Amino acid sequence: MSEARAMYEQVILDHNKNPRNFGPMAEPDRVVDGFNPLCGDTLKIYLKFDGDLVSDIKFEGQGCAISKSSASLMTTLVKGRTRADAQALFDAFHHMLKTDHTAPVDEAALGKLKVFAGVREFPVRVKCATLAWHALDSALKEELPEEPVTTE
Amino acid sequence: MAVTAPHCDLTPAAPYDVDRVRRDFPILSRTVRNGKKLVYLDNAATSQKPQCVIDAISRYYSEDNANVHRGVHYLSQRATDLYEDARHKINSFLGTMVGCETIFTRGATEAINLVAHGFGKGFVNAGDEVLISHMEHHSNIVPWQMLCEARGATLRVVPINDDGELIMEEFDRLLNERTKMVSVTHVSNALGTVNPVAEICRKAREAGARVLIDGAQSAPHAPIDMKAIGADFFVAAGHKMYGPTGVGVLYGRAELLDRMPPWQGGGDMILSVTFEKTTYAHIPARFEAGTPPIAEVIGLGEAADYLTKLGMDKVAQHEHDLMVYGTEQLKQVPGLTIIGNAKEKAGAISFTMDCAHPHDIGQLLDDEGIAVRAGHHCAQPVMRRYGVAATARASFGLYNTRAEIDALVAGLFRVREMFA
Ligand SMILES: Cc1ncc(COP(=O)(O)O)c(C=O)c1O
């Protein structure tokens, strides 16, 4: 078993300390609340669409280094991409985090997101890593949820 | 089975020897996470078990196992005697009072639900009020909420100040002739605050209300004297007081319990059953429907004996020293804020750090074998009161040492190095 220390890759520490696209958005097309009942962490993501493109995305909330950096990195990867691209990223990320920690990761599909591979060794933290992504997944759907999206 | 006769054989007069106490707890000598010495500071979640408790359970299953209260055969009588003997042990642990009875439940949560259900059905009506505090564990909020909803009663909440103490002027103001029940924690699991329960009980009784004291976090840390507290009901959790999981205690006034309708129906709680009518048994059986957690109750009785032999006054003193030392030492960590600075505290120190989220703190400490809790501690209203989603919490038990606090503080300095 690795030390948790190793899970905190430099990229994760950097995005935690200086989250990108962090803050409220005026007149978003979509707002989704995410909630992790296990730790009480909350997160809000805002999106603007331009046709099929995610033209802008921001997030706000309280969370641990894993959830914050995951949300931050997500916004940088999704901004300016098509809905289909965003959905494909979600799928790849979600798939990786469901696999065993010894399984190889699909670097081509994941790109920078591969820094979260180490989280797989700490099952309770997987939910931290996926919180923002579940909110995104729901924002990409036609219908908006009435309740906050949770990791449960 | 390992025979461990010397364990738990402490003479009452002996001074408190924490190294010796530690040897009673086999788990404390194990290592975790690649050979790190275990530093267990999550006692408010659950405590570790001394060998004598483990042995009592094991002995029960290997020598005495049978169902209780229902057999003429030898083992059934043995099991019943052991079970009832545990009741006496708990009675005396809590300061035996004439007219009070111990009822075994599955936990502190079930004990509170039992009272909310039984007392609520019997005594709470539309327009009545139930008074709790802002620092309650969810298990002392939700049952009352459910009761109030069912009976058309109103839930009132005593606020706390920035230090995490009950605002007693507000308590006085909120307590009135409509208040039927006051339910307050003795010690807060999220803040460590010790509440003035004797004063609360006295005032509530003067106002004609009944009182439940949630002792889940006090029974493991200090002598409990029901006479001095003066509560109508007192609940405790076996697994937090060095006993097994799956058992809790409701200690209450018999004259009230006698008038409360039963909460679950089944075997053991009846005098007679026909399809037309059932006559309920007297307390405590009336509230112990079904086969109880026999081994767990026996284990809890053993835990109570163990604590009595150690001396709860000495335990309290030892832990007070840890609380004072721990508070001092944690304050040395830059950017650390202690949540809850009540004048009187026991058990737990909650804190946040400006550079790291409680989850990350907990995770990095775990690398070093240090177990703390990170989260909302089932007290979300407390978290909201302080504007945080979560805190990290170090909580002490009778076997913790100053050296373990030093290890915690060193770990927090390393957390800071990583995240600051
Ligand atoms: C103050 C308080 N009350 C009640 C409980 C509930 O105890 P249990 O989960 O054992 O029923 C706890 C446990 O965390 C607690 O800290």
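Going line by line, the protein sequences match chains A and B. According to this note's numbering, the residues represented by the first sequence are 1049 to 1200, in order. According to this note's numbering, the residues represented by the second sequence are 31 to 450, in order. Using N, Cα and C, we set each Cβ at its ideal position, and we do this for glycine too. Given the structure is predicted, the values throughout are model-derived calculations rather than measurements.
- When DSSP assignments are scanned along the stretch 1101 to 1175 of chain A, the uninterrupted stretches of alpha helix (DSSP H) that are 4 or more residues long and fall wholly within it turn out to be 1113 to 1126, 1131 to 1146, 1155 to 1158.
- Each of B:Gly137, B:Ala138, B:Thr139, B:His167, B:Ser169, B:Thr215, B:Asn219, B:Asp244, B:Ala246, B:Gln247, B:Ala267 has a C-beta closer than 5 Å to some heavy atom of ligand 1; these make up the full list, in chain order.
- The Cβ atoms of Leu1184 (chain A) and Phe1138 (chain A) sit closer than 8 Å to each other.
- Of A:Leu1091, A:Ala1113, A:Ser1050, the smallest CA-CA separation from Ala450 (chain B) is found for A:Ala1113.
- Proximity of chain A to Asp396 (chain B) at the Cβ level (cut-off 8 Å) is accounted for by Ala1052, in chain order.
- Under the criterion of beta carbons closer than 8 Å, Phe317 (chain B) and Ile142 (chain B) do not qualify as touching, at roughly 13 Å.
- Sequence-distant Cβ neighbours of Arg432 (chain B) in its own chain, meaning closer than 6 Å and more than five residues away, are Tyr355.
- Every alpha helix (DSSP H) of 4 residues or more that sits fully in the stretch 1054 to 1106 of chain A is shown, in chain order, as 1058 to 1065.
- The Cβ-Cβ distance between Val83 (chain B) and Ala333 (chain B) falls below 8 Å.
- In the three-state reduction of the DSSP assignment, Glu358 (chain B) falls in the helix class.
- Arg240 (chain B) sits buried, since 16 or more C-beta atoms from the chains shown fall within 10 Å of its C-beta.
- Cα atoms of Trp1181 (chain A) and Leu394 (chain B): separation of roughly 24 Å, rounded to the nearest angstrom.
- Per the coordinates, the alpha-carbon of Cys1087 (chain A) lies some 28 Å from the alpha-carbon of Gly65 (chain B).
- Annotation: Asp1098 (chain A) has no Cβ neighbours in chain B at a cutoff of 7 Å; minimum Cβ distance is about 33 Å.
- Restricting attention to B:Gly296, B:Asp193, B:Pro323, B:Asp47, the CA atom closest to the CA of Arg136 (chain B) is found in B:Pro323.
- Residue state for Lys119 (chain B) is assigned as helix, using DSSP reduced to three classes.
- Taking a contact as a CB-CB distance under 8 Å, the pair Ala138 (chain B) and Ala284 (chain B) does not count as one, their CB atoms being some 20 Å apart.
- In the DSSP annotation of this structure, the continuous segment of the alpha helix (DSSP H) that includes Val445 (chain B) starts and ends at 432 to 449.
- Gln294 (chain B) is positioned such that its CB atom lies no closer than 8 Å to that of Ala311 (chain B).
- If only uninterrupted beta strand (DSSP E) runs of at least 3 residues are considered, those enclosed by the stretch 299 to 342 of chain B are 300 to 303, 308 to 310.
- Taking C-beta atoms under 8 Å as the contact rule, Ala1165 (chain A) and Met1144 (chain A) qualify, at a distance of about 7 Å.
- Leaving aside the five residues that flank Gln175 (chain B) on each side, the residues in its chain whose CB is nearer than 8 Å to its CB run, in chain order, Leu185.
- Using a CB distance cut-off of 8 Å, Ala1183 (chain A) does not count as an interface residue toward chain B.
- Comparing alpha-carbon positions, the option among B:Gly268, B:Asp94, B:Gln359 lying closest to Gln107 (chain B) turns out to be B:Asp94.
- Within the model, the alpha-carbon separation for Ala116 (chain B) versus Ile259 (chain B) is close to 22 Å.
- Contact annotation, Asp49 (chain B) with Gln81 (chain B): C-beta distance approximately 15 Å; criterion of less than 8 Å not satisfied.
- With respect to the 8 Å criterion, His251 (chain B) and Val345 (chain B) are classified as neighbours on the basis of their beta carbons.
- The beta strand (DSSP E) runs of length 3 or more contained entirely in the stretch 205 to 247 of chain B are, from start to end of the chain, 209 to 215, 240 to 244.
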